[in-house]
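Here the sequence shown is numbered in this note's numbering, starting from 6 and rising by one per residue. The structure under discussion appears below in the form of structure tokens.
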Amino acid sequence: MNNSANKRAAGTGLVFNLSPVAVGCAIFVSAIAGNAAAQTTTEQAEPGVATVKVTGIRRGIEDAISVKKDSTSIVEAISAEDIGKLPDVSIAESIARLPGLAAQRVGGRAQVISVRGLSPDFSTTLLNGREQVSTGDNRSVEFDQYPSELLSGVTIYKTPDAALIGQGLSGTVDMQTVRPLSFAGRTVAMNARAEKNSLGSISNAKSTGNRFSISYIDQFLNRTLGVAIGFAHLDSPVLSNETGLYEPWKIQGIPGVPANTYITEGIKAVGRSGDNKRDGIMGVLQYRPSKEWTSTLDVYASKFQREETANQIEINLGGYNGNYTPTVQFNPVTTANGVLTGGTINNVYPLVRGMYNDREDKIRAAGWNNLVKLGTVTLNADLSISKAERKELNLENNTQFTNAAGDPFLDSVALSFAGGAFPTIRANRDYSNPANLYVRGTIYGSGYGKVPSVEDELKSAKLAANIPLPDSMATFFSSVDVGINYSDRSKKKRQPEGDITLKGAAFTVPADLQYAPVDLGFAGAGLIPSWNVPGVVAYGMVFQPSDTKDYLIAKAWDVNEKITTSFVKANIEHEVGSVSLRGNIGVQVQRTDQSSQANYWDGTAPVGSQVKPVDDGKTYTDVLPSLNLALLFPGDQTLRFAAAKQVARPRVDQLRSALDFGVDKTNFKPGGSGGNAQLDPWRANAFDISYEKYFGKKAYLAAAAFHKKLTSYIYTQTNDSYDFAKFVPGTIATTPIGNYTAPYNGQGGTLKGLELSGSMPLNLASPMFDGFGVSASATFSDSTISIKDPGGSIGEDIPLPGLSKRVTNLTVYYEKNGFETRVSQRRRSDFVGEIGNFNGNRSLRYVVGENVVDFQIGYNFETGSLKGLGLLLQVNNITNAAYETYAARRDQPLEYQKYGRTVLLGANYKF
């Protein structure tokens with residue numbers, strides 16, 4: 006995308022360019038609305054009509070519509086039936102189909118969610134109403150760690166109320182497990198799927214996988230005791246074809262390249278291979294000896310392991326070949342609009358690399374809730390704890406084409422960079438023979454490794470009460486909720502790392518450590534060997550990770566948060582003629598005490614005392630008023646209005662006190678970079694309005710508008726007047742004032758948008774469409790906020806991360822007489838996404854808009870000996886949609902990846 010296009014993308018005008026899908030949905034739904042309304046009126050006028058039991062897809066949709074309709078806030082919802090039947094690997098795939106929500110794919114799967122155009126940093130995730138920890142470096146939950154089979158529903162609060170603990174600024178995602186006493190009787194459900202990826206096997210990774218789950222729900226002691234237990238297992242291959250170009254694109258003089266041409270300093274082609282394994286267990290014990298007391302204990306645990314190897318060929322294009330002669334040059338070369346687009350680069354020294362990652366995540370959560378009625382007052386007491394742990398191992402082996410004498414074998418490589426497709430890499434030499442590739446000190450060394458780890462723990466206690474108001478006051482307010490919640494969270498990260506060196510002489514990979522060759526033909530690179538990376542390290546290399554070297558000290562940190570939240574909320578119930586008014590008004594007060602402990606390196610101190618502690622933090626209070634109003638008009642119409650002051654706490658890594666510190670030896674001024682434990686949160690004033698037309702609980706149409714005024718934002722900036730007074734004593738600094746680059750609070754801006762959504766079975770329009778149905782949504786957003794990313798690769802005045810100006814979702818289904826099928830499509834326009842690079846750093850780049858289509862077909866036996874059995878075929882990512890990123894301009898590509906389409910064949914059985 007050119008600069009003018011980027012400026013348009015960051016503009017302030019809200020331009021609604023509806024996609025054909027959105028236009029078609031809008032026209033179609035509008036056309037049938039009148040007929041549906043008439044039919045609904047007729048149905049309401051005939052109470053003697055026999056009741057029809059609704060199951061399957063429509064049951065899930067109708068349950069979700071009921072949640073939306075009955076809520077006093079503006080919400081979206083998914084029910085258990087809906088989740089169980091969607092062709093999704095994780096709950097994120099299902100959430101991403103809701104209006105105003107969009108997913109970012111990581112490794113081919115929807116992993117993190119943006120709500121209303123804001124990045125995952127601005128939303129929070131709850132499990133049964135309790136905030137959850139995360140295994141990442143920050144707060145955003147990775148949803149693929151929560152099996153959809155173990156959840157009964159998800160509610161997304163787009164507007165908060167004062168009693169919502171752990172609320173986010175953009176939205177709050179509340180995942181719920183089952184309540185066994187809500188079931189009529191014993192229920193056992195089993196699911197099994199076999200999986201096949203269209204890319205086929207890569208290296209040692211197979212192309213097949215499986216997933217299965219079982220849930221048991223029962224009631225005892227005359228239905229006063231309920232038990233629910235669930236287990237879900239996933240074993241899914243990690244397979245992808247990828248290319249990547251080094252960032253940033255920059256103007257650099259390379260022989261043969263015209264002056265003032267933007268170039269990339271490197272390119273790689275990757276065949277990624279590995280395996281995802283996840284085991285999750287859920288348990289609920291619900292005890293209700295009387296109507297006055299209900300006690301519920303719920304636990305959740307999961308273990309997620311992702312083991313993968315990037316098998317790749319990589320070429321430095323920046324003029325460095327290890328200082329061998331002749332030197333690097335392009336001849337011929339092709340450019341367009343001042344950007345390198347290809348040519349032949351001569352005298353380069355390619356590498357064949359194996360880059361291994363083994364990550365294991367564990368999550369444990371438990372909560373004990375008690376509801377007690379004391380006369381007309383209801384008390385709610387809740388205790389919870391949530392823990393997360395991540396252990397990771399990154400290893401790399403580097404090889405180059407050489408011989409036993411170590412002679413260089415330089416090469417000429419034909420290149421072509423094309424947006425919207427894989428770049429091509431065509432080398433003259435054959436890199437498929439492992440006997441020609443030596444593990445040695447290459448132009449990138451022999452290897453490097455890291456051992457990151459994260460621990461996160463959150464403990465919380467809550468006491469709340471609902472107090473009905475006396476009749477003299479109940480004409481407008483029906484009751485008041487008051488409560489207090491205390492949470493204590495601690496998160497720490499460690500990251501030992503270091504070079505992986507040779508034990509002795511250079512060597513070729515032993516045959517017993519080699520895997521099948523990897524075909525990089527998708528990028529024109531042919532076959533390359535692949536191997537067991539940890540095995541090669543153990544065979545002939547030395548890896549001794551450390552976190553005590555001067556440049557590693559600041560990578561370890563602890564962050565602690567203690568938050569006391571108190572609230573009061575008045576619930577509104579009032580009648581004005583034929584119009585009912587429901588809602589609430591209240592205020593939440595958050596008292597936050599944040600602190601961080603870390604170390605820094607003082608190179609001027611005596612040996613043995615160069616590592617010094619640095620502690621920092623602050624306390625602050627936020628007063629958050631909120632209002633939710635729902636006007637219920639005749640004809641099943643609802644008009645909602647909401648206003649609230651909202652906050653989102655800073656990213657955890659931004660709050661670290663760790664820093665890299667030094668004193669310039671020429672001007673004797675101090676300087677540094679790191680975190681900022683003095684940060685205030687993101688703050689916003691939010692206004693929402695929504696019109697919703699319901700047709701019983703079978704269908705709805707809705708239009709909503711939102712406006713958020715962010716009064717502050719957090720940017721990475723350089724403060725050239727930072728006071729280093731507590732760091733400079735004993736150093737050579739002649740002044741305490743210097744430059745410090747870190748996150749700071751800065752000016753905010755506005756975010757606004759429009760959401761259109763609807764869901765309807767088409768038999769409301771005509772009996773001839775019996776069994777057919779459609780759900781659709783379109784969201785159009787814009788923001789005046791632009792951010793800077795010092796040291797990044799995508800330029801200045803970057804659009805708000807996570808914001809797609811257009812997001813659409815469409816599901817068309819047919820369900821009748823046990824047969825069901827559906828096609829689901831989710832689309833989003835270009836956005837700025839957050840990518841984790843090998844250095845473990847947060848990297849921003851533009852992500853090309855996606856169009857992902859899934860398909861499902863199945864049959865459920867409704868009678869006979871096979872009753873309760875369902876068979877299904879699912880195809881995810883039917884079109885093998887690519888994941889593509891670029892730098893400041895669309896003609897400066899970075900990644901292009903394809904993950905293949907996944908076919909699942911399986912069965913469900915419920916009794």
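Beta carbons: idealized from backbone N, C-alpha and C, even for Gly.
### Reduced DSSP secondary structure (H/G/I, E/B, other) of Tyr544
The count along the sequence shown starts at 1 and reaches residue 544 at position 539. Helix.
### Task
Below 8 Å on the Cβ atoms is my guess for Ala647 versus Ser78; work out the distance and round it to an integer in Å.
Position 642 of the sequence shown, counting from 1, holds the residue named residue 647. Position 73 of the sequence shown, counting from 1, holds the residue named residue 78. Going by Cβ atoms, the distance from Ala647 to Ser78 rounds to 7 Å, so yes, they are a contact pair.
### Which of helix, strand or coil DSSP assigns to Asn7
For this step, residue 7 is matched to residue 2 along the sequence shown. Because the pLDDT at Asn7 is just 45, under 50, the model does not fix this residue reliably, and the value given afterwards should be weighed accordingly. Here Asn7 sits in coil by DSSP.
#### Entry: Where the alpha helix (DSSP H) containing Ser203 begins and where it ends
One-based indexing of the sequence shown puts residue 203 at position 198. Element bounds for Ser203: n/a, residue is neither H nor E.
### Task
Check the C-beta distance from Thr140 over to Asp366 and give it rounded, since I have them as a contact under 8 Å.
Here the question's residue 140 lines up with position 135 in the sequence shown. Here the question's residue 366 lines up with position 361 in the sequence shown. Contact flag correct, Cβ pair sits at about 4 Å.
### Task
Give every residue of the same chain whose Cβ lies closer than 6 Å to the Cβ of Arg596, excluding the five residues on either side of it in the sequence, and list them in chain order.
Locating residue 596 in the sequence shown gives position 591, where the first residue counts as 1. For Arg596, where only same-chain residues beyond five positions count, the Cβ hits under 6 Å are Thr569 and Thr626.
### Task
Starting from Glu313, follow its DSSP beta bridges and name the residues at the other end.
On the sequence shown, position 308 is the one that residue 313 refers to. DSSP lists Gly279 and Asn362 as partners of Glu313.
### Query
Since Phe459 sits in a beta bridge, which residues does DSSP pair it with?
For the purposes of this step, residue 459 is taken as residue 454 along the sequence shown, with counting starting at 1. Correcting the residue type first, residue 459 is Val in the shown sequence and not Phe. For Val459, which the question treats as bridged, DSSP gives the partners Arg395 and Lys498.
### Nearest-angstrom beta carbon gap, Asn362 and Asn399 [assumed within contact, 8 Å]
Residue 399 sits at position 394 when you count from the first residue of the sequence shown. Residue 362 sits at position 357 when you count from the first residue of the sequence shown. Correct: roughly 5 Å between the Cβ atoms.
### Query
What whole-angstrom Cβ distance do Gly62 and Tyr818 have, given they're in contact under 8 Å?
Reading the sequence shown from its first residue, position 57 is the one you call residue 62. Reading the sequence shown from its first residue, position 813 is the one you call residue 818. One detail in the question is off: residue 62 reads as Ile in this sequence, not Gly. Indeed they touch by this definition, with Cβ atoms about 5 Å apart.
### Message
Could you give the first and the last residue of the continuous alpha helix (DSSP H) run that contains Ala69?
### Response
Residue mapping note: residue 69 aligns to position 64 of the sequence shown, counting from 1. Segment Gly61 to Asp75, the alpha helix (DSSP H) holding Ala69.
### Message
Quick check on Arg832: buried or exposed, where buried means 16 or more other Cβ atoms within 10 Å of its Cβ?
### Response
Mapped onto the sequence shown, residue 832 falls at position 827. Buried, because 16 or more other Cβ atoms sit within 10 Å of the Cβ of Arg832.
### Task
May I ask you to report which of helix, strand or coil DSSP gives Phe148?
Taking the first residue of the sequence shown as position 1, residue 148 is located at position 143. Reduced to three states, the DSSP call for Phe148 is helix.
### Query
Can you round the beta-carbon distance between Gly285 and Asp303 to whole angstroms, since I take them to be within the 8 Å contact cut?
Here residue 285 refers to the residue found at position 280 when the sequence shown is read from its first residue. Here residue 303 refers to the residue found at position 298 when the sequence shown is read from its first residue. At roughly 13 Å, the Cβ-Cβ gap does not stay under 8 Å, so Gly285 and Asp303 are not in contact.
### Best match in Gly854, Leu474, Ile840 and Phe860 for proximity to Val828 [C-alpha to C-alpha]
Indexing the sequence shown from 1 puts residue 828 at position 823. Here the closest residue by C-alpha is Phe860.
### Query
Which residue's Cα is closest to the Cα of Lys191: Ala197, Ser220, Met773 and Arg198?
In the sequence shown, the residue the question calls residue 191 occupies position 186. Residue identity check: residue 191 is Arg in the sequence provided, not Lys. Nearest option by C-alpha distance: Ser220.
### Which listed residue (Phe482, Thr868 and Trp373) has its alpha carbon closest to that of Tyr305
Counted from its first residue, the sequence shown places residue 305 at position 300. Among Phe482, Thr868 and Trp373, the Cα nearest to that of Tyr305 is on Trp373.
### Task
Express the C-alpha separation of Lys903 and Asp166 in angstroms, rounding to a whole number.
Along the sequence shown, one-based indexing puts residue 166 at 161. Along the sequence shown, one-based indexing puts residue 903 at 898. Asp166 and Lys903: Cα-Cα distance of roughly 42 Å.
### Query
Is the beta carbon of Gln405 sitting closer than 8 Å to the one on Leu442?
Here the question's residue 405 lines up with position 400 in the sequence shown. Here the question's residue 442 lines up with position 437 in the sequence shown. Against a cut-off of 8 Å, the Cβ pair of Leu442 and Gln405 comes out as a contact.
### Query
Among residues of its own chain, excluding the 5 on either side of Arg369, which ones have a beta-carbon nearer than 6 Å to its beta-carbon?
One-based indexing of the sequence shown puts residue 369 at position 364. So the list reads Ala306 and Lys392, once near-sequence residues are dropped.
### Ordered list of beta strand (DSSP E) runs contained in the segment 536-624, each at least 3 residues
546-548, 562-581 and 584-606
#### Entry: Start and end residues, beta strand (DSSP E) containing Ile161
Here residue 161 is taken as the residue at index 156 of the sequence shown, counted from 1. Where Ile161 is concerned, the enclosing beta strand (DSSP E) stretches over Gly158 to Tyr162.
### Query
Residue ranges of each beta strand (DSSP E) run of no fewer than 3 residues wholly in the segment 674-718, ordered along the chain?
675-679 and 687-700
### Task
Could you tell me which of Leu664, Asn672 and Val657 sits nearest to Val459, measuring between CA atoms?
As a first step, residue 459 must be located in the sequence shown, where it is residue number 454. Comparing Cα-Cα distances from Val459 to each of Leu664, Asn672 and Val657, the minimum goes to Val657.
### Message
Taking 8 Å as the threshold (C-beta atoms), are Thr429 and Leu415 in contact?
### Response
Here residue 415 refers to the residue found at position 410 of the sequence shown. Here residue 429 refers to the residue found at position 424 of the sequence shown. Going by C-beta atoms, Leu415 is not nearer than 8 Å to Thr429.
### Task
Take the Cβ of Lys554 as the centre, count every other Cβ of all protein chains shown within 10 Å, and call the residue buried at 16 or more, exposed below.
For the purposes of this step, residue 554 is identified with residue 549 of the sequence shown, where counting begins at 1. So Lys554 counts as exposed.
### Message
Does Ile32 pass the burial test, meaning 16 or more other C-beta atoms within 10 Å, or should it be called exposed?
### Response
For the purposes of this step, residue 32 is taken as residue 27 along the sequence shown, with counting starting at 1. Its pLDDT being 39, under 50, Ile32 is placed unreliably in this model, and the value from its coordinates should be taken loosely. Result: exposed.
### Task
Compute the Euclidean distance between the alpha carbons of Gly758 and Arg121, then round it to the nearest angstrom.
Here residue 758 refers to the residue found at position 753 of the sequence shown. Here residue 121 refers to the residue found at position 116 of the sequence shown. So the alpha carbons of these two residues sit roughly 8 Å apart.
### Query
Can you find at least 3 beta carbon pairs, one from the segment 180-191 and one from the segment 888-908, that sit closer than 8 Å?
no
#### Entry: Three-state secondary structure assigned by DSSP to Asp835
Start at 1 with the first residue of the sequence shown, and residue 835 comes out as number 830. Residue state, collapsed to three classes: coil.
### Phe638 versus Thr164 - alpha carbon distance
Here residue 638 is taken as the residue at index 633 of the sequence shown, counted from 1. Here residue 164 is taken as the residue at index 159 of the sequence shown, counted from 1. Taking the straight line from one Cα to the other gives about 21 Å.
#### Entry: Own chain residues within Cβ distance below 7 Å of Glu312, not counting five before or after
Mapped onto the sequence shown, residue 312 falls at position 307. Taken in chain order, the residues that qualify are Gly279, Asp280 and Asp363.
### Message
Taking the beta carbon of Gln752 as the centre, do at least 16 other beta carbons fall within 10 Å, making it buried, or is it exposed?
### Response
What you label residue 752 is simply residue 747 of the sequence shown in a count that begins at 1. The residue is exposed, with fewer than 16 neighbouring Cβ atoms inside 10 Å.
### Task
On a CA-only basis, which of Lys714, Tyr696 and Ala887 is nearest Ala708? Give me that one, please.
Here residue 708 is taken as the residue at index 703 of the sequence shown, counted from 1. Minimum Cα distance to Ala708 is reached at Tyr696.
### Message
Let me confirm a value: Pro457 is counted as buried when at least 16 other C-beta atoms fall within 10 Å, else exposed. Which label applies?
### Response
Locating residue 457 in the sequence shown gives position 452, counting from the first residue. That one is buried.
### Message
Using a Cβ-Cβ distance cut-off of 8 Å, determine whether Tyr162 contacts chain C.
### Response
Chain labels in this structure do not include chain C; a single protein chain is all it has.
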